[in-house]
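The structure appears right after this line, and notes come after that.
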Amino acid sequence: MKMTVILTGVACALLSMLPVASGATIHWTPAHHLAPQGQSNRMSAGDLDGDGDIDLSLFTDPGAGLYWNTGTPVEPTWQYGPSPYGGVPPCVQQNGGHGDVDGDGDLDLAVTCWYDDFVRFYWNVGSPASPVWEVDLSVFEGVQTLTSHRCPRLADMDDDGDLDAMICVTTGRIQYVQNVGSPAAPAYEDIGWIEAILPVDGGNPTIALGDLDSDGDLDIIRISYDTEPECFENVGTPSSFAFVANSDMLAGIALPASGYGKGVELMDIDADGDPDMILARGYGENLLFLNEGTTPAAPTSWGVIKAMYR
-11 MKMTVILTGV ACALLSMLPV ASGATIHWTP AHHLAPQGQS NRMSAGDLDG
39 DGDIDLSLFT DPGAGLYWNT GTPVEPTWQY GPSPYGGVPP CVQQNGGHGD
89 VDGDGDLDLA VTCWYDDFVR FYWNVGSPAS PVWEVDLSVF EGVQTLTSHR
139 CPRLADMDDD GDLDAMICVT TGRIQYVQNV GSPAAPAYED IGWIEAILPV
189 DGGNPTIALG DLDSDGDLDI IRISYDTEPE CFENVGTPSS FAFVANSDML
239 AGIALPASGY GKGVELMDID ADGDPDMILA RGYGENLLFL NEGTTPAAPT
289 SWGVIKAMYR
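Letter by letter, the sequence shown follows residues -11 to 298 of the numbering used here.
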């Protein structure tokens, strides 16, 4: 039996208010020769030695290692080890994210483990050139993560000058943890799930955060063992998220059929001001795609209007 659905004026108005992708398209160029090779896993990027270029941490079982960038911000070359994580105990399914939470010029570290239901936080009490880690479980006190595999990321999601957290869990759902304090006195509050980002079919999903469409807020890339990368564009504002799946922003990016995604990170590897993407395929192989710029959306797009007037 054929069913006809008639939308009332109110229903049509409500549908017209739903967020839609801006239409922005990112132009990606494969540059796998610039990616470190030999080790691949869950990843977090950051300048760990204060030399002005990006290093790449790998969170493996049972511990964490580091690809030091011994090249330049534009021409990276990589050396695996020695690890700077001697003060961070290894754990099963360890994952982590970096950020300068206290604004002292070096990178601090948030870590999750398979059997925990909380975030382990480490202050960097060393220097930008020589990290030293000191655990402080009070930083994320009261923030509970409910499933086994987790991917913590630190970033200023609400554009208020301090670092918040986004935590992707086993199902692929993303938990928003807002810093309602300040860099001098961080106070993390669990806001809940990003409702627009639904679960994923693949295992052990990880995420990366970055402003892919240059509109002033952070978008999300998600990948799992069994799925291609997905992009969720924030077509809202930093203070009012509206995430929408936008496959156009990943046009041309795909993993080889024989591989699977173990990790993803966004980082400006060529120092041109926009985020590039590295994907851990597994089997020790990493794939790097350079962001060669954005084709803006139509002028009627709210995302473009924000970009014009931010």
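For each residue, glycine too, the CB sits at the ideal point set by N, CA and C.
The structure displayed is predicted, hence computed values, not measured ones.
| said: Count Cβ pairs between the stretch 50 to 68 and the stretch 234 to 251 that sit closer than 8 Å; are there 3 or more? | reply: The stretch 50 to 68 is not in contact with the stretch 234 to 251.
| Cβ pair count under 8 Å reaching 3, the stretch 123 to 142 against the stretch 155 to 163 | yes
| query | Relative to the alpha-carbon of Pro263, which residue among Gly26, Asp105, Asp94 and Thr17 has its alpha-carbon at the smallest distance? | reply | Position 275 of the sequence shown, counted from the first residue, corresponds to residue 263. When each option's Cα is compared against that of Pro263, the closest is Thr17.
| If you run the structure through DSSP and keep just helix, strand and coil, what is Leu151? | Along the sequence shown, read from residue 1 onward, the residue named residue 151 stands at position 163. It is coil, neither helix nor strand.
| query | Under a three-way DSSP split, which group does Leu197 fall into? | reply | Taking the first residue of the sequence shown as position 1, residue 197 is located at position 209. Of the three classes helix, strand and coil, the one that applies to Leu197 here is strand, per DSSP.
| What's the gap between the Cα of Arg108 and the Cα of Gln163? | Numbered from 1 along the sequence shown, position 120 holds the residue referred to as residue 108. Numbered from 1 along the sequence shown, position 175 holds the residue referred to as residue 163. Distance between the alpha carbons of Arg108 and Gln163: 16 Å.
| task | Identify whether Ser28 lies in helix, strand or coil by the three-state DSSP scheme. | result | As a position in the sequence shown, residue 28 is number 40, starting the count at 1. Residue state, collapsed to three classes: coil.
| Segment limits, beta strand (DSSP E) that includes Asn234 | Against the sequence shown, residue 234 aligns to sequence position 246. Counting along the chain, Asn234 falls outside any beta strand (DSSP E), and DSSP gives it neither H nor E.
| said: If you reduce the DSSP assignment to three classes, tell me which class Leu206 lands in. | reply: For the purposes of this step, residue 206 is identified with residue 218 of the sequence shown, where counting begins at 1. Of the three classes helix, strand and coil, the one that applies to Leu206 here is coil, per DSSP.
| said: Would you call the stretch 34 to 44 in contact with the stretch 109 to 129, where contact means no fewer than 3 C-beta pairs closer than 8 Å? | reply: yes
| task | Just mark Gln81 as buried or exposed, buried being the case when its beta carbon has 16 or more other beta carbons within 10 Å. | result | In the sequence shown, counting from the first residue as 1, residue 81 sits at position 93. Label assigned to Gln81: buried.
| field | Distance between Thr48 and Arg161 (C-alpha atoms, nearest Å) | value | Locating residue 161 in the sequence shown gives position 173, counting from the first residue. Locating residue 48 in the sequence shown gives position 60, counting from the first residue. Cα-Cα distance, rounded: 22 Å.
| Helix, strand or coil at Leu275 [DSSP, three-state] | Walking along the sequence shown from the start, residue 275 turns up at place 287. Three-state result, Leu275: strand.
| task | Step through the CB atoms of chain E and report whether any lies within less than 8 Å of the CB of Ile208. | result | Protein chain content of the structure displayed is limited to a single chain, and chain E is not contained in it.
| request: Specify, as a first and last residue, the run of the beta strand (DSSP E) that Arg108 falls within. | output: Position 120 of the sequence shown, counted from the start, is the residue given in the question as residue 108. Element bounds for Arg108: Arg108 to Asn112.
| field | Pick from Ala196, Ile211 and Glu221 that is closest to Gly204, judged by C-alpha positions | value | For the purposes of this step, residue 204 is identified with residue 216 of the sequence shown, where counting begins at 1. For Gly204, the nearest C-alpha among the options comes from Glu221.
| said: What residue range does the beta strand (DSSP E) around Glu67 cover? | reply: Residue numbering aside, residue 67 sits at position 79 when the sequence shown is read from its first letter. Residue identity check: residue 67 is Gln in the sequence provided, not Glu. Looking at the DSSP string, the run of the beta strand (DSSP E) that includes Gln67 is Trp66 to Tyr68.
| Straight-line gap, Ser71 to Asp43 (C-alpha atoms, nearest Å) | Position 83 of the sequence shown, counted from the first residue, corresponds to residue 71. Position 55 of the sequence shown, counted from the first residue, corresponds to residue 43. Straight-line Cα distance between these residues: approximately 12 Å.
| request: Given a cut-off of 8 Å, decide if Met255 and Asp201 are closer than it, judged by their beta-carbon atoms. | output: Taking the sequence shown and counting its residues from 1, one reaches residue 201 at position 213. Taking the sequence shown and counting its residues from 1, one reaches residue 255 at position 267. Contact: no.
| message | My output table needs one value for His137: the three-state DSSP class, helix, strand or coil. | response | If you number the sequence shown from 1, residue 137 lands on position 149. Note: His137 maps to coil in three-state DSSP.
| query | In angstroms, rounded to a whole number, what distance separates the CA positions of Gly59 and Ile257? | reply | Numbered from 1 along the sequence shown, position 71 holds the residue referred to as residue 59. Numbered from 1 along the sequence shown, position 269 holds the residue referred to as residue 257. For Gly59 and Ile257, the distance between alpha carbons rounds to 11 Å.
| How far does the beta strand (DSSP E) with Tyr55 in it reach, from first residue to last? | Working through the sequence shown from its first residue, we reach residue 55 at position 67. Note, Tyr55: beta strand (DSSP E), Ala52 to Asn57.
| field | Nearest-angstrom Cα separation, counted from Val89 out to Leu151 | value | Taking the first residue of the sequence shown as position 1, residue 151 is located at position 163. Taking the first residue of the sequence shown as position 1, residue 89 is located at position 101. Answer to the nearest angstrom: the Cα atoms are 6 Å apart.
| task | Return the CA-CA distance between Arg141 and Gly198, expressed in angstroms with no decimal places. | result | Working through the sequence shown from its first residue, we reach residue 141 at position 153. Working through the sequence shown from its first residue, we reach residue 198 at position 210. Going from the Cα of Arg141 to the Cα of Gly198 covers about 11 Å.
| In angstroms, rounded to a whole number, what distance separates the CA positions of Ile211 and Ser45? | Numbered from its first residue, the sequence shown carries residue 211 at position 223. Numbered from its first residue, the sequence shown carries residue 45 at position 57. Spanning the two alpha carbons is a distance of roughly 18 Å.
| message | If distances are taken between C-alpha atoms only, which option among Ala172, Ala153, Pro171 and Leu275 comes closest to Ile182? | response | As a first step, residue 182 is located in the sequence shown; it is residue number 194 there, counting from the start. Among Ala172, Ala153, Pro171 and Leu275, the Cα nearest to that of Ile182 is on Ala153.
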